[in-house]
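K.L.:
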């Protein structure tokens, strides 16, 4: 959505009827383009189209308003409300978790999970009950592919929204549950130094490929100690630097004293002013993403 555009306004059908509108008038407004359908019984007023995060936030509001049995917003929906990265997350449905003996299942836009939630697993976000950041990371890590889960975990740590200790505590509580082995892998690999989804995804692919793990946010200095810059990845023992050439860092998720790193510069032969070799890749690199050398 354009930064200058007003976000769309959510109207529920029952609110419209309570205000004196009838279904024929709602249909007329839809035909004129004044209202658009968000989901069954929920409409957006205004011409601006919400971005994926805004759309899902509105879906959460609309879905919670129609629940007969309350639930705690969880999984990908909780990640949206906590401001965590959305790459690779399933946003078609609103996810809620209820305590046993509730039943899990899919009901249109609603995905219901059943799990025990301790008091510290639930927080309020703008008055809405949401799983804590640590619990959200664990739930996502148990349910989505490793690269997407690692991006969420890295971002949560980078923003100081949770800590490694909290993630390990949540992991211990999830021991023996479905997906707990996948979650353990995410928790052990998560690193607050990662500054973007692309960097997290790159590291996940390196791990999947069995490549040597790099150091992160590596300072590049000349022989006299002069700082040249900072690279996303470094394999000092191999004299190699790596840079994910994406444009979006975790940005506002960074701690106040942090700034996105400057790319390591390189000559046409791939060498930096310090004599090390440097490689770069981007989200559009396709098969040129990091892979095991033949």
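Residue numbers (my numbering): 18 to 311.
No residue lacks a Cβ here, since even glycine has one placed at the ideal position from N, Cα and C.
Contact defined as beta carbons within less than 8 angstroms: I believe residue 90 pairs with residue 84. What is the distance between those atoms, to the nearest angstrom?
P.N.:
Not quite, the Cβ-Cβ distance comes to about 11 angstroms (not below 8 angstroms), so this is no contact.
K.L.:
Among the residues of its own chain, which have a CB less than 6 angstroms from the CB of residue 61, if the five just before and after it don't count?
P.N.:
Once the five neighbours on either side are set aside, the close Cβ partners of residue 61 are 25, 53, 55.
K.L.:
Considering Cα atoms alone, identify which of 46, 108, 249 is closest to residue 161.
P.N.:
The shortest C-alpha separation from residue 161 is found at 108.
K.L.:
Check residue 59 in the structure and name its three-state DSSP category.
P.N.:
Strand, per DSSP.
K.L.:
For residue 169, does the three-state DSSP call read helix, strand or coil?
P.N.:
If DSSP states are grouped into helix, strand and coil, residue 169 belongs with the helices.
K.L.:
Give me, in chain order, the residues of the same chain whose beta-carbon lies closer than 6 angstroms to that of residue 139; leave out the 5 immediate sequence neighbours on both sides.
P.N.:
Here the set comprises 89, 146.
K.L.:
Excluding the 5 residues flanking residue 297 on each side, which residues of the same chain have their C-beta closer than 6 angstroms to its C-beta?
P.N.:
For residue 297, where only same-chain residues beyond five positions count, the Cβ hits under 6 angstroms are 260, 262.
K.L.:
Determine the DSSP secondary structure at residue 212, reduced to helix, strand or coil.
P.N.:
It is coil, neither helix nor strand.
K.L.:
Which one of 40, 114, 93, 117 has the shortest CA to CA distance from residue 106?
P.N.:
It is 93.
K.L.:
If you draw a straight line from the C-alpha of residue 46 to the C-alpha of residue 39, how long is it?
P.N.:
Looking at the two C-alpha atoms, the distance is approximately 11 angstroms.
K.L.:
Should residue 230 be labelled buried (16 or more other beta-carbon atoms within 10 Å of its own) or exposed?
P.N.:
Exposed is the call here.
K.L.:
Can you name the residues that DSSP bridges to residue 115?
P.N.:
Residue 115 pairs with 131.
K.L.:
Return helix, strand or coil for residue 297, following the three-state DSSP convention.
P.N.:
Three-state result, residue 297: strand.
K.L.:
Between the Cα of residue 149 and those of 100, 257, 50, 217, spot the shortest distance and give me the residue it belongs to.
P.N.:
Minimum Cα distance to residue 149 is reached at 100.
K.L.:
To which residues does DSSP link residue 145 through a beta bridge?
P.N.:
Answer by DSSP bridge pairing, in chain order: 142.
K.L.:
Out of 237, 95, 48, state which residue places its alpha-carbon closest to the alpha-carbon of residue 141.
P.N.:
Taking only the C-alpha atoms, the option nearest residue 141 is 95.
K.L.:
Near residue 69, what residues of its chain come up, given a Cβ to Cβ distance below 8 angstroms and the 5 sequence neighbours on each side ignored?
P.N.:
So the qualifying residues of the chain are 103, 108.
K.L.:
Under a three-way DSSP split, which group does residue 273 fall into?
P.N.:
Low per-residue confidence applies at residue 273: pLDDT is 40, beneath 50, and the placement is therefore not dependable, though the value from the model is reported in the following sentence. DSSP places residue 273 in coil when its eight states are reduced to three.
K.L.:
Residue 125: buried (16+ other C-beta within 10 angstroms of its C-beta) or exposed?
P.N.:
Answer is exposed; the Cβ neighbour count stays below 16.
K.L.:
Looking at residue 177: is its Cβ nearer than 9 angstroms to the Cβ of residue 217?
P.N.:
The answer is no: Cβ separation not under 9 angstroms.
K.L.:
Tell me, please, whether the region 234-245 touches the region 125-136 by the rule of three or more beta-carbon pairs shorter than 8 angstroms.
P.N.:
The region 234-245 vs the region 125-136: no contact.
K.L.:
Starting from the C-beta of residue 258, find all residues in its chain whose C-beta is less than 6 angstroms away, skip the five residues before and the five after it, and write them out in chain order.
P.N.:
Excluding positions up to five away in sequence, the list reads 248, 251, 281, 293, 295.
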